[in-house]
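Some notes on the structure that comes next.
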Amino acid sequence: MPSPTPPAPRALSGRDPFERLRRQMDRLFEDFGRGFDVPFGSGFFAMRPSLLADEAGVRRPAVDLVETDAAYQITAELPGIPPEAVQVTLADGILTIKGEKKEERDETREGWHVAERRFGSFQRSFQLPAGIAEDAIAARVADGVLTVTLPKAAEPPKTAKTIAVEAKG
1 MPSPTPPAPR ALSGRDPFER LRRQMDRLFE DFGRGFDVPF GSGFFAMRPS LLADEAGVRR
61 PAVDLVETDA AYQITAELPG IPPEAVQVTL ADGILTIKGE KKEERDETRE GWHVAERRFG
121 SFQRSFQLPA GIAEDAIAAR VADGVLTVTL PKAAEPPKTA KTIAVEAKG
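Sequential numbering of the sequence shown, starting at 1, is according to the UniProt record's numbering.
Next up, the structure:
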């Protein structure tokens, strides 16, 4: 009777060496699937997820995307993050929202001392659709909610033009 095949070797930590890669692929497919149930997820505001985002401690806050006749609006909940810690940038048609939250608490009382520190960062990027009035984009934070308004550029008037037809010969 043949002897059973020995189990495949595992990483020194006792975990499967491909586990991290599998988790990253799972996250990639989850992020991909989320784009279909979000307004504009099929192209206008396509997310640019990073496989390393969660590994690096960077979080992507949930956002609401709304389109009106005059503008697009992105709303993100950023509880506890002061406005000066939020940055909104536009480069090459990609709008990026990012920021950091830092908290420190140091308390000493009779017989004990507590020191706590927390740090977190977030980032979301969106490919903007054509026809945005980039010079009129506005962002504001109120009550822990960031609202970015992206006005649509005025469409040039559509006029009919008659083209002269030349006769040859």
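Glycine is no exception: its CB is placed at the ideal position from the N, C-alpha and C atoms.
Looking from the CA of Gly-80, the closest CA among Ala-154, Phe-119, Glu-166 belongs to Phe-119. For Phe-126, the enclosing beta strand (DSSP E) starts and ends at 112-127. Judged by DSSP in its simplified three-state form, Leu-21 adopts helix.
In this structure, DSSP gives Arg-27 a helical state, which the three-state scheme calls helix. Spatial neighbours of Tyr-72 in its own chain (CB-CB distance under 6 Å, excluding positions within 5 residues in sequence) are listed in chain order as Leu-150. Under the DSSP assignment, Lys-101 falls in the beta strand (DSSP E) whose first and last residues are 94-109.
When the alpha-carbon of Thr-89 is set against those of Ala-160, Pro-156, Glu-134, the nearest one is in Glu-134. Of the candidates Phe-126, Pro-83, Arg-23, Glu-67, the residue whose Cα lies closest to the Cα of Ala-142 is Pro-83.
Val-148 and Ala-115 have their C-alpha atoms spaced approximately 36 Å apart. Residue environment for Ile-163: exposed (fewer than 16 other C-beta atoms within 10 angstroms of its C-beta). Annotated three-state conformation of Pro-82 is coil, per DSSP. At the C-beta level, Ala-153 and Gly-169 stay beyond 8 Å of one another. DSSP, read as helix, strand or coil, puts Glu-155 in coil. Partner residues in the beta bridge of Arg-140, as assigned by DSSP, are Thr-147. Going by beta carbons, Gly-99 and Phe-122 fall inside the 8 Å limit.
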